[in-house]
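Encoded as structure tokens, the structure appears first; notes follow it.
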Amino acid sequence: AGTLEFSNGGSSTGVLSIASAATAQFSTGTFNFNSGSTVTGAGTLAVASGTTTFASTGTTMTAANVSVSGGTAEFNGPVSVSQFSQTDGTIGGSGNLTLSGTATWSGGIQAGTGITTVAATGSLSITNFVTLNRQFSNLGTLTVNGMISAIPWYIYDDGGTTNINPEDYTLTNHGMMRTVNSGISEVAIRFVNNGELELQAGTLSFTQSVINSGGTVTIGLGTTLSTTGINYTQTSGSTIVANGTLASDR
2 AGTLEFSNGG SSTGVLSIAS AATAQFSTGT FNFNSGSTVT GAGTLAVASG TTTFASTGTT
62 MTAANVSVSG GTAEFNGPVS VSQFSQTDGT IGGSGNLTLS GTATWSGGIQ AGTGITTVAA
122 TGSLSITNFV TLNRQFSNLG TLTVNGMISA IPWYIYDDGG TTNINPEDYT LTNHGMMRTV
182 NSGISEVAIR FVNNGELELQ AGTLSFTQSV INSGGTVTIG LGTTLSTTGI NYTQTSGSTI
242 VANGTLASDR
């Protein structure tokens, strides 16, 4: 039990075992899990600040819980966690992140060339404003109560150029995605639906292209799905059940 804090960087080629109810917290500096290192146990790996990096080969990451509240967690090899929380900071790297259990995301950035996947056994609740600069796939349950964008809210026009194209990043839904926010939820990256999209409350607004590719979209009574000003494509075998309002100009 308790928390062990790594506050001045470092490196590992050995085993870090985190017991249940215990936390290994990384803050300030750079800590590298190099080839040969293992992180395991039923406890929590917490990244609070600084940079924590996992090598692309020779590392094993099987800690049950991961929490990111600041700094950067660079996963360059595959990582699968049963409990996940991100309130700020950055997830990066070339490795794929699989969320196999309960997960929450309320702030921060997910970037890099890896893919974030909500497994069939997993559920992810997105609240507030989050930034997605990587590919994302949902096989389980995704609940959106906020905004998903490819551009961080703190990037303003200062006369320069920000080379971020929201169409370069795709949220692909193979499972169940639903909105529960009574206000406005927004997806500001490309969206492909192969599963079920269900509006339970409020308005869901898409600001980039949408492809309903064999999936089902259910617009609940009193809700609104807005695809105004974007390219919306519906392929053969797709279904829209409109008990609410579909706002579209295409």
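So for the sequence shown, the numbering used here puts the first residue at 2; every next one is plus one. The beta-carbon is built from N, C-alpha and C at its ideal position, and this holds for glycine as well. As the structure is a computational prediction, the values presented were derived from the model and not from experiment.
- Taking a contact as a CB-CB distance under 8 Å, the pair asparagine 129 and serine 186 does not count as one, their CB atoms being some 11 Å apart.
- Shortest Cα-Cα distance from threonine 228 to any of Ala121, Ser124, Ser206 involves Ser206.
- Spanning the alpha carbons of isoleucine 116 and serine 138 requires a straight line of approximately 7 Å.
- Within the segment 85-161, not a single complete alpha helix (DSSP H) segment reaches 4 residues in length.
- A distance of 8 Å or more separates the beta carbons of phenylalanine 76 and glycine 51.
- Classified as buried, threonine 132 has 16 or more neighbouring CB atoms from the shown chains inside 10 Å of its CB.
- Here serine 28 is near serine 8, since their CB atoms are less than 8 Å apart.
- Under the DSSP assignment, leucine 198 falls in the beta strand (DSSP E) whose first and last residues are 197-200.
- Rounded to whole angstroms, the gap between the alpha carbons of aspartate 169 and valine 188 is 14 Å.
- Taking C-beta atoms as the reference points, alanine 64 and threonine 91 fail to come closer than 8 Å.
- Secondary-structure assignment with DSSP links alanine 25 through a beta bridge to Leu5, Leu46.
- For alanine 64, no beta strand (DSSP E) segment is defined, and its DSSP state is neither H nor E.
- When only Cα atoms are considered, valine 67 and serine 81 end up about 10 Å apart.
- CA-CA distance, serine 183 to alanine 202, rounds to 5 Å.
- Distance from the Cα of isoleucine 241 is smallest, within the candidate group Thr173, Asn195, Gln26, Gln209, for Asn195.
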